[in-house]
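These notes concern the structure reproduced below.
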Amino acid sequence: MAFIVGLTGGIGSGKTQVADRLAELGVDVIDADVVAREVVEPGTDALASIAQHFGYHLLDQDGRLKRDKLRQIIFSDKQAKTWLEKLLHPLIGSSIKTQLAQINSPYGLLVSPLLLETEQNKLVDKIIVVDADPSQQLARAINRDVTNLAEVEAIMAAQMSRNKRLSKADIILDNTRDLISLHNKVDQLHQHLKTLAEDFNA
Ligand code: ATP
């Protein structure tokens, strides 16, 4: 099994920027958000269970999950959220495990917004937290998605606090400056992670 690095951070913190840069440097990247979509593709047992539990109005004409609608339900209904997590987290976890076993680069990267909130952190050897000021997270997320302030604020309030997240980091990646600065830091980090991976495999 390859050395696996986990990457997390709050909404708009810069996870995708970091993961894309590492992918350019040749690192195999597994994105938990992508896996989370795969496990509820049309035809999956999980999607059938969701439709049965919450109603078939959650499916569009092509039988695809209306993720926004489901998100709205679980945002205001704790029981619904727990039910959904019990269904999906094990499926997501086992699919991630399968993909991690196929990593073919000096180390692998698992990028996940829920790395610290789920068992996913047990799948990684090092935890990197990408960090920005909450005001920067807000501005960047709004700028990217053209969504409204209240929505991003609500998501931030529901996520783990900045301090708690940072306390769980092995490595903190500062993203409070510009993108050039971030990319330079990621390039340096990549060298460091390669060394850690070599030690791990020695
Ligand atoms: P989410 O959890 O919402 O998916 P994320 O952590 O993946 O967010 P990114 O998508 O990487 O965050 O970054 C959010 C937005 O902010 C993107 O449009 C990205 O290009 C921009 N961004 C990230 N870092 C910086 C930076 N240092 N300076 C300016 N813009 C940045």
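Counted from 1, the sequence shown has number -2 at position 4 by this note's numbering; the numbering is strictly sequential.
Each residue gets a CB set at the ideal place from its N, CA and C atoms; glycine is no exception.
Identify whether residue i lies in helix, strand or coil by the three-state DSSP scheme.
i: Val201; result: Only positions -5 to 196 of the chain appear in this structure, which leaves residue 201 out of reach.
i: Gly57; result: coil
i: Lys158; result: helix
i: Gly49; result: coil
i: Gly4; result: coil
From residue i to residue j, what distance separates their C-alpha atoms?
i: Pro36; j: Asn157; result: 39 Å
i: Ser7; j: Ser106; result: 12 Å
i: Met150; j: Lys179; result: 25 Å
i: Val12; j: Phe69; result: 28 Å
i: Gln73; j: Gln185; result: 44 Å
i: Val118; j: Leu110; result: 11 Å
i: Leu19; j: Ala95; result: 20 Å
i: Asp22; j: Lys91; result: 14 Å
i: Asp39; j: Glu192; result: 40 Å
i: Leu167; j: Gln46; result: 42 Å
i: Val123; j: Lys9; result: 9 Å
i: Gln153; j: Ala135; result: 14 Å
State yes or no: is the C-beta of residue i nearer than 7 Å to some heavy atom of the ligand ATP?
i: Gly20; result: no
i: Thr10; result: yes
i: Leu173; result: yes
i: Pro107; result: yes
i: Ala135; result: yes
i: Asn98; result: no
i: Gly6; result: yes
i: Asn198; result: Lying before the first or after the last residue shown, residue 198 is absent from the chain, which here runs from -5 to 196.
i: Leu143; result: no
i: Arg15; result: no
i: Arg138; result: yes
i: Gly87; result: no
i: Gln104; result: Reading off the sequence, residue 104 comes out as Leu, not Gln. Result no, Cβ not under 7 Å from the ligand ATP.
i: Leu176; result: yes
Any idea if residue i is buried or exposed, counting beta-carbon neighbours within 10 angstroms, 16 or more meaning buried?
i: Asp25; result: buried
i: Lys162; result: exposed
i: Gln114; result: buried
i: Tyr50; result: exposed
i: Arg15; result: buried
i: Ala126; result: buried
i: Ile121; result: buried
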